[in-house]
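Chains A and B supply the protein sequences, listed in that same order.
Per my numbering: the first sequence = residues 1 to 107.
Per my numbering: the second sequence = residues 108 to 214.
Number of protein chains: 2
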Amino acid sequence: MNHSILKGHLDGLILSVLEVEPLHGYAVIEALRHRSDEALDLPSGTIYPALRRLERSGRIAGEWSVVEGRRRRTYRLTAAGAATLARERSEWTAFSAMVDRVLAARP
Amino acid sequence: MNHSILKGHLDGLILSVLEVEPLHGYAVIEALRHRSDEALDLPSGTIYPALRRLERSGRIAGEWSVVEGRRRRTYRLTAAGAATLARERSEWTAFSAMVDRVLAARP
DNA sequence: TTGCTACATATAGCGATGCTACATATAAAT
DNA sequence: ATTTATATGTAGCATCGCTATATGTAGCAA
């Protein structure tokens with residue numbers, strides 16, 4: 001049931017929303033939900049570990065702050081992250097074209 | 108290094124080549140390589156377990172034969188497999204449109 | 001004969017990752 | 001007092017593509 005068709009593509013999506021502007025985790029979830037026309041509604045157990053992975057690998061940089069009494073960690077895209085994003089965009093283009101081609105053939 | 112962007116999409120690709128005609132594992136590898144313009148060259152450790160999974164779940168049905176002294180297991184798409192393929196095609200359409208939308212946005 | 005290449009299948013075990021379930025805390029509204 | 005929205009986190013599960021390795025046949029070249 002848990003296809004998780006998303007596997008391997010989440011990082012690119014996150015980097016893509018952070019490219020527009022720095023956001024904290026909760027806002028990343030909302031941004032992805034809006035940008036995908038409500039198709040993507042990621043659970044916290046997906047997004048927070050993903051952000052920590054991206055930070056640990058240097059693709060994004062996070063900083064704590066407190067807004068209206070709530071602490072939040074806001075992430076911005078690094079130069080390395082921008083490079084990764086560019087690579088993931090072109091990989092996605094090739095990959096999706098390939099899948100389209102293979103799925104299109106009919107008996 | 109091991110992106111494996113393919114995760115979650117392999118079953119659809121296999122079902123799609125088996126929809127055209129029944130094939131054995133080795134021929135599935137070749138069919139995917141040709142249909143993808145040499146982009147996909149799956150190792151045996153990927154394809155054979157995937158075929159066994161699809162068979163165990165009733166999406167394909169396999170049968171042993173011997174051709175020119177070599178034994179092979181030829182798989183055909185079942186009715187359940189055709190239904191799965193149809194669902195995966197429409198899921199892929201929605202998924203790829205969503206990723207396109209999210210990755211397209213720029214700062 | 002030996003060795004190489006293509007054909008053909010298989011499995012143990014690894015690594016990565018999205019997700020469920022749960023936990024914690026603040027602020028505002030009911 | 002309770003619920004809802006905001007905000008983050010982790011333990012542990014399940015899945016699955018892939019590496020590495022193993023086995024065997026057929027045909028051809030040196």
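We put the CB at the ideal spot given by N, CA and C, even for glycine.
- Flagged as an interface residue toward chain B: Gly-8(A), by a C-beta distance shorter than 8 Å.
- Contact with chain A is absent for Glu-145(B), since none of that chain's Cβ atoms lies less than 8 Å from the residue's Cβ.
- With respect to Leu-147(B), Val-124(B) sits apart: the two C-beta atoms are not nearer than 8 Å.
- Judged by beta-carbon spacing, Arg-213(B) lies beyond the 8 Å limit of Arg-35(A), meaning their Cβ atoms are not closer than that value.
- Fully contained in the segment 8-80 of chain A are the following beta strand (DSSP E) runs of length 3 or more, in chain order: 60-67, 70-77.
- Taking a C-beta distance under 8 Å as the contact criterion, Arg-183(B) and Ile-167(B) qualify as a contact pair.
- Burial of Ser-203(B) is indicated by the presence of at least 16 other C-beta atoms within 10 angstroms of its C-beta.
- The three-state reading of DSSP puts Ser-111(B) in coil, since its state is none of H, G, I, E or B.
- About 7 Å separates the beta carbons of His-116(B) and Ile-5(A), which is inside the 8 Å limit, making them a contact pair.
- Cα atoms of Ile-154(B) and Ala-83(A): separation of roughly 32 Å, rounded to the nearest angstrom.
- From the beta-carbon of Ser-4(A), the residues of chain B found nearer than 7 Å are Gly-115.
- Around the beta carbon of Asp-118(B), a 10 Å sphere encloses 16 or more other beta carbons of the protein chains shown; the residue is thus reported as buried.
- Gly-58(A) and Ser-151(B) have their C-alpha atoms spaced approximately 34 Å apart.
- Interface flag for Trp-171(B) against chain A is unset, since no Cβ pair is found closer than 8 Å.
- When the five nearest sequence neighbours on each side are left out, the beta carbons in the same chain lying within less than 6 Å of the beta carbon of Glu-63(A) are those of Thr-74, in order along the chain.
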